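2 protein chains.
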Amino acid sequence: MAYELYYWTGIQGRGEYIRLALEEAGAPYRDVAREQGDGVIEALAEQAQTPSFAPPVLKDGDMVLGQVSAILLYLGEALDLAPQDRRLRLWVHQIQLTIADFVVEGHDAHHPLGAGQYYEDQKPEARRRSTDFRQQRVPKFLTWFETVLTRNPLGSAHLAGDRISYADLSLFQIVAGLDYAFPKLMGRIGGDYPNVRALHDAVAERPNISAYLRSQRRLPGNEDDLFRHYPELDG
Amino acid sequence: MAYELYYWTGIQGRGEYIRLALEEAGAPYRDVAREQGDGVIEALAEQAQTPSFAPPVLKDGDMVLGQVSAILLYLGEALDLAPQDRRLRLWVHQIQLTIADFVVEGHDAHHPLGAGQYYEDQKPEARRRSTDFRQQRVPKFLTWFETVLTRNPLGSAHLAGDRISYADLSLFQIVAGLDYAFPKLMGRIGGDYPNVRALHDAVAERPNISAYLRSQRRLPGNEDDLFRHYPELDG
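Line order of the protein sequences matches chains A and B. Using my numbering, you'd call the opening residue of the first sequence number 380 and step up by one each time. Using my numbering, you'd call the opening residue of the second sequence number 380 and step up by one each time.
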């Protein structure tokens, strides 16, 4: 039976981390809200015994699971996108959780006062927060990913183990997000993290991912998404 | 062999979610930085093959694991603080991840422009963000926890299953954090979430937790911690 993904239409958002795993594995899935509208997301939360605080939500048969990192923990095993070794599996999960933390910071760079207020109502604050994000946080996270790749005893092509994992796919996605939102910054410092860049490029060239990126299913970046290109916040 | 916890001295912080699990289970552990100073945290990250982006870090023999939710996933199994059933185990993990999201928002209520700048340099912004936090986010999260408790088919005394889990302990901790940081807010709305309050109180009375809370190991809340009591942000 096909997996069912429930996520806001119109953006890549957090749903994209799930889509990349499903697409890489060639797993059958339905993007339910894109078929039936965003209303199905709330409807699912209202009826589920395990309601999610926010999308994305994955439905597999009668299992309803939310939170990107929990969904990927589940799919990593089901789709063979995580190492077999239990410790390595936990390590991949730890990396994913750190990616999730970074995604929050990427969003808060343009919405430091909270998602409840428009960007237009917090522009000076976004300037200050994004300066800290560009100067301190992005380099700190990218340095960490580079270190993880460098220290992988099975080779620097993957964050953990010697095969693709969902964490590799997710790292691709945040680099793609940074390239979109902060082209000036990434033009300046992107080359400082050669293993990160090489992983991004290698993921983009994987047959299933490459086909996905060229498909209609891959939405372009936009200014409703988590990573937003506001030139005044780049530099 | 005793578990080794590495976390900043001086605050409860994110280390507390790990401590509560270890204390509830009566597991032997060393709080290494409190014995040897904060320097051991960075030293561990520099030498580990699996360096953590930030503490807390748990060392169990030669395994070095970071990220609160990953550590609790591991300890939940090792210390029998999670359901046996695989789906329920994922559900507990999903709840924990939502608690982790809330902790970030609790911190950002007083540091909306980033941890790199002092509170004193972002007070007006903290006022705006904390207003949104109090009026929108806290009620939304507490409503969700109340719903989860209410919908638990095995009883509303636990978030999942019919026994204590690490997520119950973590929910206790964020309610305690809110009580400390936002006493006015919680005085006004705390009663709206009776199952959440009952769970908090029941956890506090568990023998091992009660003994822990009265011990020197439980630090009092303070204004270096994640939850901070700034009267100007309460209301």
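Glycine included, each C-beta is placed from N, C-alpha and C at the ideal position. These numbers come from a predicted model, not from an experiment.
When we look at the beta-carbon of residue i and count the other beta-carbons within 10 Å, is it buried (16 or more) or exposed?
{"i": "residue 465 of chain B", "result": "exposed"}
{"i": "residue 380 of chain B", "result": "exposed"}
{"i": "residue 509 of chain A", "result": "buried"}
{"i": "residue 529 of chain A", "result": "exposed"}
{"i": "residue 590 of chain B", "result": "exposed"}
{"i": "residue 596 of chain B", "result": "exposed"}
{"i": "residue 459 of chain B", "result": "exposed"}
{"i": "residue 603 of chain B", "result": "exposed"}
{"i": "residue 352 of chain B", "result": "An answer regarding residue 352 of chain B cannot be provided, because it is not within the stretch 380 to 614 covered by chain B."}
{"i": "residue 566 of chain B", "result": "exposed"}
{"i": "residue 440 of chain A", "result": "exposed"}
Are the beta-carbon atoms belonging to residue i and residue j less than 8 Å from one another?
{"i": "residue 578 of chain B", "j": "residue 561 of chain B", "result": "no"}
{"i": "residue 411 of chain A", "j": "residue 456 of chain A", "result": "no"}
{"i": "residue 614 of chain A", "j": "residue 564 of chain A", "result": "yes"}
{"i": "residue 475 of chain B", "j": "residue 406 of chain B", "result": "no"}
{"i": "residue 505 of chain B", "j": "residue 518 of chain B", "result": "no"}
{"i": "residue 446 of chain B", "j": "residue 473 of chain A", "result": "yes"}
{"i": "residue 544 of chain B", "j": "residue 471 of chain B", "result": "yes"}
{"i": "residue 489 of chain B", "j": "residue 609 of chain B", "result": "yes"}
{"i": "residue 435 of chain B", "j": "residue 497 of chain B", "result": "no"}
{"i": "residue 430 of chain B", "j": "residue 422 of chain B", "result": "no"}
{"i": "residue 594 of chain B", "j": "residue 396 of chain B", "result": "no"}
{"i": "residue 432 of chain A", "j": "residue 387 of chain B", "result": "no"}
When the Cα atoms are used, what is the spatial distance from residue i to residue j?
{"i": "residue 453 of chain A", "j": "residue 499 of chain B", "result": "43 Å"}
{"i": "residue 413 of chain A", "j": "residue 390 of chain A", "result": "11 Å"}
{"i": "residue 533 of chain B", "j": "residue 571 of chain B", "result": "22 Å"}
{"i": "residue 401 of chain A", "j": "residue 408 of chain A", "result": "7 Å"}
{"i": "residue 674 of chain B", "j": "residue 538 of chain B", "result": "Here chain B has residues from 380 to 614 only, and residue 674 of chain B is not among them."}
{"i": "residue 557 of chain A", "j": "residue 606 of chain A", "result": "7 Å"}
{"i": "residue 527 of chain A", "j": "residue 479 of chain A", "result": "16 Å"}
{"i": "residue 568 of chain A", "j": "residue 612 of chain A", "result": "16 Å"}
{"i": "residue 377 of chain B", "j": "residue 398 of chain B", "result": "Examination of residue 377 of chain B is not possible in this model, given that chain B is present from 380 through 614 alone."}
{"i": "residue 461 of chain A", "j": "residue 444 of chain B", "result": "17 Å"}
{"i": "residue 525 of chain A", "j": "residue 535 of chain A", "result": "9 Å"}
{"i": "residue 428 of chain A", "j": "residue 531 of chain B", "result": "7 Å"}
{"i": "residue 598 of chain B", "j": "residue 417 of chain A", "result": "45 Å"}
{"i": "residue 449 of chain A", "j": "residue 415 of chain B", "result": "35 Å"}
{"i": "residue 521 of chain B", "j": "residue 581 of chain B", "result": "17 Å"}
{"i": "residue 573 of chain A", "j": "residue 463 of chain B", "result": "43 Å"}
{"i": "residue 438 of chain B", "j": "residue 420 of chain B", "result": "11 Å"}
{"i": "residue 507 of chain A", "j": "residue 484 of chain A", "result": "13 Å"}
{"i": "residue 392 of chain A", "j": "residue 575 of chain A", "result": "21 Å"}
{"i": "residue 451 of chain A", "j": "residue 503 of chain B", "result": "39 Å"}
{"i": "residue 553 of chain A", "j": "residue 426 of chain B", "result": "26 Å"}
{"i": "residue 541 of chain B", "j": "residue 555 of chain B", "result": "22 Å"}
{"i": "residue 559 of chain A", "j": "residue 442 of chain A", "result": "35 Å"}
{"i": "residue 394 of chain A", "j": "residue 477 of chain B", "result": "16 Å"}
{"i": "residue 404 of chain A", "j": "residue 404 of chain B", "result": "39 Å"}
Any C-beta of chain D sitting closer than 8 Å to the C-beta of residue i?
{"i": "residue 453 of chain A", "result": "Absent from the structure is chain D; the protein chains it does hold are A and B."}
Task: Runs of alpha helix (DSSP H) wholly within the segment 439-472 of chain A (minimum 4 residues, chain order) - done: Inside the segment 439-472 of chain A, DSSP marks whole alpha helix (DSSP H) runs of 4 or more residues at positions 447-457, from first to last along the chain.
Task: Sufficient close CB pairs (3 or more, under 8 Å) joining the segment 505-521 of chain B to the segment 584-600 of chain B - done: Per the Cβ contact rule, the segment 505-521 of chain B is not in contact with the segment 584-600 of chain B (fewer than 3 Cβ pairs under 8 Å).
Task: Uninterrupted alpha helix (DSSP H) stretches inside the segment 535-578 of chain B (no shorter than 4 residues) - done: 545-560, 562-568
- [ ] Would you mind listing the beta strand (DSSP E) stretches within the segment 382-436 of chain A that are 3+ residues and don't spill past its ends, in chain order?
- [x] 382-385, 408-410
Task: Sequence ranges, beta strand (DSSP E) only - wholly within the segment 575-603 of chain A, length at least 3 - done: none
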